[in-house]
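Participant: First the structure, which I've put down as structure tokens, then a few questions once you've had a look.
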Amino acid sequence: MYSPRIYSIAYHLTGNSADAQDIAQEVFIKLHGALDRFNDQYRFAPWLYRLTLNAAIDYQRKQAHGRELQFSEFGNPGAIADNHGGPEAWFEKTELLGIISRLTELLTKKQSRVFVLRDLQGFSTPEIAKILQCSEITVRVHLANARTRIKNALVKFYPEFAADNP
Amino acid sequence: MKCLRAEQQLALFVGGDLPESETAELTAHLESCRACANELERLKRAQELLGKLARSDQPDPLPADFSGQVLAEIQKRRLDKPPFISLFAIRIRWKPALALSGAVLVILLAIGVTRDLRQSRRGLFANRTLKTRQSLTVVNPGEVLWSAKFHFIRNLIGPARLTEVTIPDEPGIYAILHKPDPVNRPKIFAVTFIGEKSELSSLSESLLKPGPGNRLFTRAGSPDSAYIVLYLLPESTEEQRRQIKEALIARYEPDFTHNGGI
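If you read the sequences in order, they're chains A and B. Positions 1 to 166 (the working numbering) are the ones given, in order, by the first sequence. Positions 167 to 428 (the working numbering) are the ones given, in order, by the second sequence.
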């Protein structure tokens, strides 16, 4: 019942089906070991999604080994200048797999979690607050920062994206 | 309104996340500020782009046997570290779909864990060390030290004298124990038999009627030395009970099994 959602969240955090599958498996194993500690007064779904986020973060931490992501990893910056189609055309030419996850890697961990849950998974702000066990105000702050950061990254590398309306 | 404050609000407004109380103020600001209106357009473009990516960038389908893979991994990890059992397990709750290994742990604990450090220091048993959060215990494959603490686990009955207990009519796993040396080591039990409740029904005649043909009682020495532990699993499947039973038999090496005959 929850497998597709867990898998999808993990995928949007990693951009890789194999990694997402490992994370989903880890979530269910942790779930199995943690059921006895689950408190009935809390809702199950937010608790499970929080478990997923934490498992994904642990997984990414093990994989990262301090790697610093550069935006140039998205492709050849020189080609971008010649790309009159703008970022959408470039994205269409480029393999989609992993782009979102790389965008989320530009964010802090908290921003990334909120961004994935809100903009990619479609949870509401109150739902995210329950999942992350924080206030709705905190969710909105992270969300605003995440969206601004991603927009700034796009503007920086795609001048046509930044073009103002007349 | 200052543009710096508007920037944060725009990022929320673009996704419909700005509280209504702040929307009117921002809308008024946008009518008079070209820079912020352009900023809103850029944010909208970014949102649209991400929306497209999110819709088109979907993972491969999960394997059809994903659930089986998870269960296999759980079992593998359990088998990889059988000597280390956490006392957390005594609080486990029965969730039909996921409690398989939890049930295994509960009954393992019920049969095998002790908190009596003094006993282990004396080296009563030499073969196996169980490390828990609170204590160490040493258990032989064929002998276990019972701790009365675990009598309070839900769904767990025993150890009770076999001749005195009324077996509930529910599926479950049971273990027959006896005291090899009730006088000098009254808390020590040996594992004689592990099986399913359904097997118990078919064996009840021989189990409950001690006599020369009953090897269980022969092994126990007397009917009063034969005990039973029953772990009720009312919502379990036959396959789950089979796996639990096999794990317990592998772990405790009882003298007899159902197939081996009693």
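We put the beta carbon where it would ideally sit given N, CA and C, even for glycine.
Can a CB atom of chain A be found closer than 9 Å to the CB of residue 209 of chain B?
Facilitator: Indexing the second sequence from 1 puts residue 209 of chain B at position 43. Yes - at least one Cβ of chain A is within 9 Å of the one on residue 209 of chain B.
Participant: Just to confirm, is the Cβ distance from residue 399 of chain B to residue 334 of chain B under 9 Å?
Facilitator: Here residue 399 of chain B refers to the residue found at position 233 when the second sequence is read from its first residue. Here residue 334 of chain B refers to the residue found at position 168 when the second sequence is read from its first residue. In this structure, residue 334 of chain B does not lie closer than 9 Å to residue 399 of chain B by Cβ.
Participant: Check each residue of the region 176-188 of chain B: if its Cβ is closer than 9 Å to any Cβ of chain A, include it; give the result in chain order.
Facilitator: Within the region 176-188 of chain B, the qualifying residues are 176, 177, 178, 180, 181, 183, 184, 185.
Participant: Does residue 141 of chain A come out as helix, strand or coil in the three-state DSSP assignment?
Facilitator: Taking the first residue of the first sequence as 1, we reach residue 141 of chain A at position 141. Helix at residue 141 of chain A.
Participant: Compare the C-beta of residue 228 of chain B against all C-beta atoms of chain A and say whether one is closer than 9 Å.
Facilitator: Along the second sequence, read from residue 1 onward, the residue named residue 228 of chain B stands at position 62. Closer than 9 Å to some Cβ of chain A, the Cβ of residue 228 of chain B qualifies, so yes.
Participant: For a contact defined as C-beta to C-beta under 7 Å, what are the partners of residue 151 of chain A on chain B?
Facilitator: Locating residue 151 of chain A in the first sequence gives position 151, counting from the first residue. Under the 7 Å cutoff, chain B gives 208, 209, 212.
Participant: Which bits of chain A does residue 174 of chain B rub up against, with CB to CB less than 7 Å?
Facilitator: Here residue 174 of chain B refers to the residue found at position 8 of the second sequence. Residues of chain A passing the Cβ test: 144.
Participant: Using a Cβ-Cβ cutoff of less than 8 Å, which residues in the same chain neighbour residue 31 of chain A once the five nearest sequence positions on both sides are dropped?
Facilitator: The residue you call residue 31 of chain A lines up with position 31 of the first sequence. Hits under 8 Å: 48, 51.
Participant: Quickly, what does DSSP pair residue 394 of chain B with across the bridge? List them, please.
Facilitator: Translated into positions along the second sequence, residue 394 of chain B becomes position 228. Answer is B/326, B/342.
Participant: Against residue 216 of chain B, what residues of chain A qualify as contacts under a CB-to-CB distance less than 8 Å, listed in chain order?
Facilitator: As a first step, residue 216 of chain B is located in the second sequence; it is residue number 50 there, counting from the start. Those within 8 Å of residue 216 of chain B in chain A are 100, 103, 119, 120, 150.
Participant: So which residues of chain A does residue 239 of chain B contact, with C-beta pairs closer than 7 Å?
Facilitator: Position 73 of the second sequence, counted from the start, is the residue given in the question as residue 239 of chain B. Under the 7 Å cutoff, chain A gives 25, 29.
Participant: Below 8 Å on the Cβ atoms is my guess for residue 213 of chain B versus residue 144 of chain A; work out the distance and round it to an integer in Å.
Facilitator: Numbered from 1 along the second sequence, position 47 holds the residue referred to as residue 213 of chain B. Numbered from 1 along the first sequence, position 144 holds the residue referred to as residue 144 of chain A. With a Cβ gap of about 13 Å, residue 213 of chain B and residue 144 of chain A do not count as contacting.
Participant: Would you say residue 415 of chain B faces chain A, with C-beta separation under 9 Å as the test?
Facilitator: The residue you call residue 415 of chain B lines up with position 249 of the second sequence. No, because no Cβ of chain A sits closer than 9 Å to the Cβ of residue 415 of chain B.
Participant: Kindly indicate which three-state DSSP category residue 105 of chain A falls into: helix, strand or coil?
Facilitator: By one-based count along the first sequence, residue 105 of chain A stands at place 105. If DSSP states are grouped into helix, strand and coil, residue 105 of chain A belongs with coil.
Participant: Which residues bound the alpha helix (DSSP H) around residue 197 of chain B?
Facilitator: On the second sequence, position 31 is the one that residue 197 of chain B refers to. Per DSSP, residue 197 of chain B belongs to the alpha helix (DSSP H) from 186-198.
Participant: With a cut-off of 9 Å, does the C-beta of residue 407 of chain B fall near any C-beta of chain A?
Facilitator: Within the second sequence, numbered from 1, the residue matching residue 407 of chain B stands at position 241. Judged by the 9 Å Cβ criterion, residue 407 of chain B is not in contact with chain A.
Participant: Among the candidates B/230, B/228, B/392, whose CA atom is the shortest distance from the CA of residue 356 of chain B?
Facilitator: Reading the second sequence from its first residue, position 190 is the one you call residue 356 of chain B. Comparing Cα positions, the closest option is B/392.
Participant: What three-state label does DSSP hand residue 153 of chain A in the structure shown?
Facilitator: In the first sequence, the residue the question calls residue 153 of chain A occupies position 153. Reduced to three states, the DSSP call for residue 153 of chain A is helix.
Participant: Starting from residue 220 of chain B, find everything on chain A with Cβ-Cβ shorter than 8 Å and list it in chain order.
Facilitator: Taking the second sequence and counting its residues from 1, the one referred to as residue 220 of chain B is at position 54. The answer, in chain order, is 12, 100, 119, 120.
Participant: Rounding to the nearest angstrom, what Cα-Cα distance links residue 29 of chain A and residue 236 of chain B in this structure?
Facilitator: The residue you call residue 29 of chain A lines up with position 29 of the first sequence. The residue you call residue 236 of chain B lines up with position 70 of the second sequence. The alpha-carbon atoms of residue 29 of chain A and residue 236 of chain B are separated by roughly 7 Å.
Participant: Using only the alpha-carbon positions, how far apart do residue 13 of chain A and residue 205 of chain B sit?
Facilitator: Along the first sequence, read from residue 1 onward, the residue named residue 13 of chain A stands at position 13. Along the second sequence, read from residue 1 onward, the residue named residue 205 of chain B stands at position 39. Taking the straight line joining both Cα atoms gives about 27 Å.
Participant: Within 9 Å (strictly less), CB to CB, does residue 20 of chain A reach chain B?
Facilitator: On the first sequence, position 20 is the one that residue 20 of chain A refers to. True, the Cβ-Cβ gap to chain B drops below 9 Å.
Participant: Whole angstroms are fine: how far does the CA of residue 343 of chain B sit from the CA of residue 286 of chain B?
Facilitator: Stepping through the second sequence from its first residue, residue 286 of chain B is reached at position 120. Stepping through the second sequence from its first residue, residue 343 of chain B is reached at position 177. Any reading at residue 286 of chain B needs caution, since the residue's pLDDT is 32, under 50, leaving its predicted position unreliable; the model's value is listed next. Spanning the two alpha carbons is a distance of roughly 21 Å.
Participant: Tell me whether residue 27 of chain A sits in a helix, a strand or coil according to DSSP, three-state version.
Facilitator: Along the first sequence, one-based indexing puts residue 27 of chain A at 27. Here residue 27 of chain A sits in helix by DSSP.
Participant: Kindly say whether residue 198 of chain B, judged by its beta-carbon, lies nearer than 9 Å to any beta-carbon of chain A.
Facilitator: Taking the second sequence and counting its residues from 1, the one referred to as residue 198 of chain B is at position 32. It does not; no Cβ of chain A falls within 9 Å.
Participant: Assign residue 354 of chain B to one of three DSSP states: helix, strand, or coil.
Facilitator: Along the second sequence, one-based indexing puts residue 354 of chain B at 188. Residue state, collapsed to three classes: strand.
Participant: Who are the near neighbours of residue 117 of chain B in its chain, counting only those whose CB is closer than 6 Å to its CB and skipping five residues on each side?
Facilitator: Because chain B in this structure spans residues 167 to 428, residue 117 of chain B falls outside the shown range and cannot be described.
Participant: Starting from residue 334 of chain B, trace the alpha helix (DSSP H) in both directions and tell me its first and last residue.
Facilitator: On the second sequence, residue 334 of chain B is found 168 positions in, with the first residue counted as 1. First-last for residue 334 of chain B: undefined, no H or E at that position.
Participant: Could you tell me which chain B residues have their CB closer than 7 Å to the CB of residue 154 of chain A, listed as they occur along the chain?
Facilitator: What you label residue 154 of chain A is simply residue 154 of the first sequence in a count that begins at 1. 212, listed in chain order.
Participant: What does residue 236 of chain B reach in chain A if we use C-beta pairs closer than 7 Å?
Facilitator: If you number the second sequence from 1, residue 236 of chain B lands on position 70. Here the neighbours are 25, 28, 29.
Participant: For residue 362 of chain B, which beta-bridge partners are listed by DSSP?
Facilitator: Indexing the second sequence from 1 puts residue 362 of chain B at position 196. Beta-bridge pairing links residue 362 of chain B to B/339.
Participant: Between residue 233 of chain B and chain A, is the shortest Cβ-Cβ distance under 9 Å, so that the two count as touching?
Facilitator: Here residue 233 of chain B refers to the residue found at position 67 of the second sequence. It does; some Cβ of chain A falls within 9 Å.
Participant: Drop a sphere of 10 angstroms on the beta-carbon of residue 410 of chain B, count the other beta-carbons inside from all chains shown, and report buried for 16 or more, exposed for fewer.
Facilitator: Locating residue 410 of chain B in the second sequence gives position 244, where the first residue counts as 1. It counts as buried.
Participant: What's the C-alpha gap between residue 149 of chain A and residue 131 of chain A?
Facilitator: Locating residue 149 of chain A in the first sequence gives position 149, counting from the first residue. Locating residue 131 of chain A in the first sequence gives position 131, counting from the first residue. The alpha-carbon atoms of residue 149 of chain A and residue 131 of chain A are separated by roughly 23 Å.
Participant: Where does the unbroken alpha helix (DSSP H) through residue 133 of chain A begin, and where does it stop?
Facilitator: If you number the first sequence from 1, residue 133 of chain A lands on position 133. First-last for residue 133 of chain A: undefined, no H or E at that position.
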